[in-house]
Amino acid sequence: MKKHEDFCSDYIKFCDWKFEGIDELGQSAVQNLEQNAARNASQGTSQNTSENNKTENTKENQVIQNINEMGAPKVPTNENKEIQCITVIGEIEGHFMGNPQKKSTKYEHIIPMLYSVEEDPQIKGILVILNTVGGDVEAGLAMAELLNSLSKKVVTLVLGGSHSIGVPLATAGDYSFIAPSATMIVHPVRTNGLVIGVNETFEYFKKMQERINDFIVRTSNISKADLTKLMHAKDELVSDVGSVLIGKDAVEYGLIDEVGGLKESLTKLKELIKECDNK
């Protein structure tokens, strides 16, 4: 009988030991799960922190880039805009690359931009701001013809200057403005470098000049006689023939429609857009 009692006592102790072991294993498993969860949470927090840092770094880099490029930490944007602004600055670059030390406007950039504007139904008007010394004749005339053929309303504004082939660009829109201190230089076609002195070469220059003159007369209020007179004047330029027109002089000759700045240009463009919408 005593042996039986000892056996029962040992069996109970054995069961208690098994349950204690199971409890220990369960607690260990729970601890492992808690540790894994804490580790994952830590990694997630670290990952979120890393992503946030990347976002902040991107914003900081954008601010720095804006300061370097635009001189301001934030550039104003308007996603749903009716007016697209296009600038033509420096030298108009054509089939050949210009001097890398000079500011330039590449016609292969402007032409696709004008096409995309024409295809965008949200854009109803274009403001072209000009401050150019001229450049490649073929490229400048191509840009002017494309501007003139757009279905969108186009207003041009001459700031600083619009010289040489910049003149057709200034007259290519539906309406043109010039700042009071801005200048326009009108002169015949000229070229640099070696020229073969044969009649065919001079005939080519003559036909090119006729193309430019016809475009300017067609897109402005200047007469062909006045334009020819301005181009061949000998007392305006020191080492070349041509004329310098400052602000109101360009308006008096009919080359530009009105003297004004950005406010007047935007007001006129909005009026043209409104008139077009009413029709």
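Throughout the sequence shown, residue numbering follows the working numbering, covering 14 to 292 in sequence.
Where a beta carbon is used, it is the ideal one built from N, C-alpha and C, also for glycine.
Subject >> Identified DSSP bridge partners for L140 >> reply: Taking the first residue of the sequence shown as 1, we reach residue 140 at position 127. DSSP, once it has assigned bridges, lists C98, V168 as partnering L140.
**OP:** Less than 8 Å between the CB atoms is what I'm expecting for A183 and S175, so what's the real figure, rounded?
**Re:** Here residue 183 refers to the residue found at position 170 when the sequence shown is read from its first residue. Here residue 175 refers to the residue found at position 162 when the sequence shown is read from its first residue. 4 Å between Cβ atoms; contact.
Original post:
Exposed or buried, D253, counting other C-beta atoms within 10 Å across all chains shown (16 or more means buried)?
Top reply: By 1-based counting over the sequence shown, the position of residue 253 is 240. With fewer than 16 other Cβ atoms within 10 Å, it is exposed.
Original post:
Where does the unbroken alpha helix (DSSP H) through M110 begin, and where does it stop?
Top reply: Position 97 of the sequence shown, counting from 1, holds the residue named residue 110. Run containing M110: none; DSSP gives neither H nor E here.
Subject >> S256 - containing beta strand (DSSP E), residue span >> reply: Residue 256 sits at position 243 when you count from the first residue of the sequence shown. Secondary structure note for S256: its beta strand (DSSP E) is the uninterrupted segment 256-259.
**OP:** Report the partner residues of V199 according to the DSSP bridge assignment.
**Re:** Position 186 of the sequence shown holds residue 199. Note: V199 is bridge-paired with S256 in the DSSP secondary-structure output.
Original post:
CB-CB under 8 Å to K137, same chain, minus the five flanking residues each way: which ones, in chain order?
Top reply: Translated into the one-based positions of the sequence shown, residue 137 becomes position 124. So the qualifying residues of the chain are E95, I96, K165, K166, I286, C289, D290.
Original post:
Applying the criterion that 16 or more other CB atoms from any shown protein chain within 10 Å of the CB defines a buried residue, is F109 buried or exposed?
Top reply: Locating residue 109 in the sequence shown gives position 96, counting from the first residue. Under the 10 Å beta carbon count, F109 is surrounded by fewer than 16 other beta carbons and is classified as exposed.
Subject >> Best match in S236, E121, L160 for proximity to C98 [C-alpha to C-alpha] >> reply: Walking along the sequence shown from the start, residue 98 turns up at place 85. The residue with the shortest Cα to Cα distance from C98 is L160.
**OP:** Return the CA-CA distance between P201 and M244, expressed in angstroms with no decimal places.
**Re:** For the purposes of this step, residue 201 is taken as the residue at position 188 of the sequence shown. For the purposes of this step, residue 244 is taken as the residue at position 231 of the sequence shown. Using only the alpha carbons, I get a separation of about 6 Å.
**OP:** Might you give, ordered along the chain, the residues of its own chain that have their beta carbon closer than 6 Å to the beta carbon of E271, omitting 5 neighbours on each side?
**Re:** Here the question's residue 271 lines up with position 258 in the sequence shown. Close CB contacts of E271 within its chain, under the 6 Å cut and outside five residues either way in sequence, are with F190 (chain order).
**OP:** Can you tell me which of the three DSSP states K119 falls into?
**Re:** Walking along the sequence shown from the start, residue 119 turns up at place 106. DSSP places K119 within a strand segment (E or B) once states are collapsed to three.
Original post:
What is the C-beta distance between L143 and V168, in whole angstroms, given that I count them as a contact (C-beta under 8 Å)?
Top reply: Counting from 1 along the sequence shown, the entry for residue 143 is found at position 130. Counting from 1 along the sequence shown, the entry for residue 168 is found at position 155. Separation of the CB atoms of L143 and V168 is rounded to 11 Å, and the pair is thereby denied contact status at 8 Å.
Subject >> Contact set for V141: own chain, Cβ-Cβ below 6 Å, skip 5 residues either direction >> reply: As a position in the sequence shown, residue 141 is number 128, starting the count at 1. So the qualifying residues of the chain are I99, T169.
Subject >> Opening and closing residue of the beta strand (DSSP E) in which I191 lies >> reply: Mapped onto the sequence shown, residue 191 falls at position 178. That run of the beta strand (DSSP E) goes 188-191.
Original post:
By DSSP, does E249 sit in helix, in strand, or in coil?
Top reply: Residue 249 sits at position 236 when you count from the first residue of the sequence shown. Coil.
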